[in-house]
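Structure first, then comments.
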Amino acid sequence: MRRLVSETRLHPADLVLPIFVREGVSEPVPIGSMPGVVQHSLASLPQAVSDAADAGVGGVMLFGVPEVRDARGSGATDPEGILNVATRVAAEASAGRLVVQTDLCLDEFTDHGHCGVLDHLGRVDNDATLERYREMALVQAASGSELLGLSGMMDGQVAAVRDALDAAGLTGTAILAYSAKYASAFYGPFRDAVESTLEGDRRSYQLDPGNRREGVREALIDLEEGADVVMVKPAGSYLDVLADVSSASDVPVWAYQVSGEYAMIEAAAAHGWIDRRRAIVESVRGIRRAGADAVLTYWAVELAEWIRTGDAA
Ligand code: PBG
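Going by my numbering, the sequence shown opens with residue 198, and the numbers climb by one from there.
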């Protein structure tokens with residue numbers, strides 16, 4: 198009876214696995230603050246993509262960890278840069294079984310760690326960054342990314358990337374807009390994962406955690422600019438924003454269960470303070486219930502397996 202009347206079902210196809218790929222390593226490197234998650238090498242990446250596809254996961258979101266960084270994030274637009282090479286490798290391994298997606302942001306590639314380029318006063322230069330995002334979009338699409346994850350929170354980024362894709366005739370490449378992305382402490386472990394060099398914070402371009410209406414406003418602007426999917430991030434502490442965006446949006450709404458959300462459950466479970474599987478299932482189910490059509494989660498493959506074996510009820 199509970200199964201029959203359940204309002205929220207989990208399905209592997211509604212899960213997306215974020216994957217880190219590090220340049221210059223021959224073995225996967227564990228991430229201290231994210232037990233169970235690794236920085237993949239180019240050699241270990243195909244198996245990770247294949248495992249996700251076998252589990253029925255809907256997509257993978259790729260993040261690159263370059264060896265060298267500079268002020269303008271040159272590695273991001275170099276066809277031989279780690280993210281673009283990894284995209285080609287992942288696209289081949291996927292062979293159309295899942296959607297290969299890429300993080301379109303400069304923070305992994307800049308030596309100052311910001312999501313954009315800086316002006317002469319050291320402030321993030323919104324419009325100069327849009328030019329870099331346009332170039333990134335073309336390289337990522339050419340490398341085989343099917344869905345560009347615009348996570349930099351620059352104003353006008355969706356319109357700029359849409360225009361760049363259209364002008365190049367790349368009408369088959371879709372845009373996932375991280376629309377309501379809050380300036381959050383829960384990204385902490387991710388910054389270890391990509392070895393971020395950020396000093397300061399991102400409060401001048403990410404949203405203030407207290408602002409609910411503003412999250413919806415950002416999503417509506419991105420829809421207007423042509424986003425194919427809009428996202429709320431983090432997920433667990435922003436379920437009200439997610440519910441609001443979900444009722445306002447006429448395109449799919451996704452949520453990102455971020456690194457800190459992952460680390461908290463893993464840490465509590467490692468201490469025996471929480472039932473790991475139940476907490477994972479409940480956390481993702483809650484995000485789906487609040488209105489997410491799909492969820493980016495580091496547990497995507499494991500959860501997909503539990504769904505298949507009936508252990509995610
Ligand atoms: C930016 C980006 C971040 C995350 C995804 N894309 C970091 C940030 O904005 O500081 C965080 C994801 C996570 O914490 O799991 N490229």
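In this text, a Cβ means the ideal position worked out from N, Cα and C, and glycines have one as well.
Practice task
Could you pull the start and end residues of the beta strand (DSSP E) that residue 299 belongs to?
Solution key: 296-301
Exercise for the section: Could you tell me the distance, in whole angstroms, from the CA atom of residue 515 to the CA atom of residue 470? Expected result: Summary: the structure shown does not reach residue 515, with the chain confined to residues 198 through 510, and so no result is reported for it.
Problem - Sub-9 Å separation of residue 518 and residue 379 beta-carbons - result: Outside the modelled stretch of the chain, which goes from 198 to 510, sits residue 518, for which no answer is possible.
Exercise for the section: Mind the definition here: the segment 448-460 touches the segment 485-501 only if three or more C-beta pairs lie below 8 Å; say whether that holds. Expected result: With the cut-off at 8 Å, the segment 448-460 and the segment 485-501 touch.
Practice task
Can you tell me which of 337, 300 and 445 puts its alpha carbon nearest to the alpha carbon of residue 277?
Solution key: 337
Practice task
Please check the pair residue 297 and residue 343, which I expect to be a contact at CB under 8 Å, by giving their CB distance rounded to whole angstroms.
Solution key: 6 Å
Exercise for the section: Compare the Cα-Cα distances from residue 321 to each of 300, 350 and 340 and report the closest residue. Expected result: 350
Exercise for the section: Please confirm whether any heavy atom of the ligand PBG lies closer than 8 Å to the CB of residue 386. Expected result: Result yes, Cβ under 8 Å from the ligand PBG.
Practice task
Within the segment 349-432, note down every full beta strand (DSSP E) run reaching 3 residues or more, in order along the chain.
Solution key: 371-378 and 426-430
Exercise for the section: Indicate the three-state DSSP secondary structure (helix, strand or coil) for residue 503 in the structure shown. Expected result: helix
Practice task
Mind checking who residue 227 pairs with in its DSSP beta bridge?
Solution key: 235
Handout entry: Cβ-heavy atom distance, residue 587 to the ligand PBG, below 8 Å
Key = An answer regarding residue 587 cannot be provided, because it is not within the stretch 198 to 510 covered by the chain.
Exercise for the section: Determine, using beta carbons only, whether residue 262 and residue 391 come nearer to each other than 9 Å. Expected result: yes
Handout entry: Start and end residues, alpha helix (DSSP H) containing residue 276
Key = Here residue 276 belongs to no alpha helix (DSSP H), and DSSP marks it neither H nor E.
Problem - Per DSSP, cross-strand counterpart(s) of residue 256 - result: 213 and 296
Exercise for the section: Would you tell me roughly how many angstroms separate the C-alpha atoms of residue 445 and residue 417, rounded to the nearest one? Expected result: 8 Å
Handout entry: Limits of the unbroken alpha helix (DSSP H) element including residue 330
Key = 323-340
Exercise for the section: Inspect the beta-carbon positions of residue 419 and residue 427 and report whether they are closer than 9 Å. Expected result: yes
Exercise for the section: Hey, could you find the ends of the beta strand (DSSP E) residue 346 is sitting in? Expected result: 344-347
Exercise for the section: Report the residue from 477, 283, 250 and 363 whose alpha carbon sits nearest the alpha carbon of residue 241. Expected result: 283
Handout entry: Nearest to residue 306 (by Cα), restricted to the options 328, 323, 269 and 382
Key = 269
Practice task
Mark residue 506 as exposed unless 16 or more other C-beta atoms lie within 10 angstroms of its C-beta, in which case mark it buried.
Solution key: exposed
Exercise for the section: Can you grab the Cα-Cα spacing for the pair residue 364 / residue 358, in whole Å? Expected result: 10 Å
Problem - C-alpha gap between residue 209 and residue 316, whole angstroms - result: 43 Å
Exercise for the section: In angstroms with no decimal places, state the Cα-to-Cα distance between residue 465 and residue 348. Expected result: Rounded to the nearest whole angstrom, the C-alpha separation of residue 465 and residue 348 is 29 Å.
Problem - residue 318 (DSSP reduced to helix, strand or coil) - result: Residue 318: coil per DSSP, three-state reduction.
Handout entry: Supposed close pair residue 200, residue 432 - CB separation, criterion 8 Å
Key = In fact, because the Cβ distance is near 25 Å, the residues do not count as touching under 8 Å.
Practice task
Take residue 300 as the anchor and find which of 408, 498, 215 and 475 has the nearest alpha-carbon.
Solution key: 215
Practice task
State yes or no: is the C-beta of residue 500 within less than 9 Å of the C-beta of residue 477?
Solution key: yes
Exercise for the section: Quick one: using the 10 Å Cβ neighbour count with 16 as the cut-off for buried, is residue 354 buried or exposed? Expected result: buried
Handout entry: Opposing strand residues paired with residue 491 [DSSP bridges]
Key = 451
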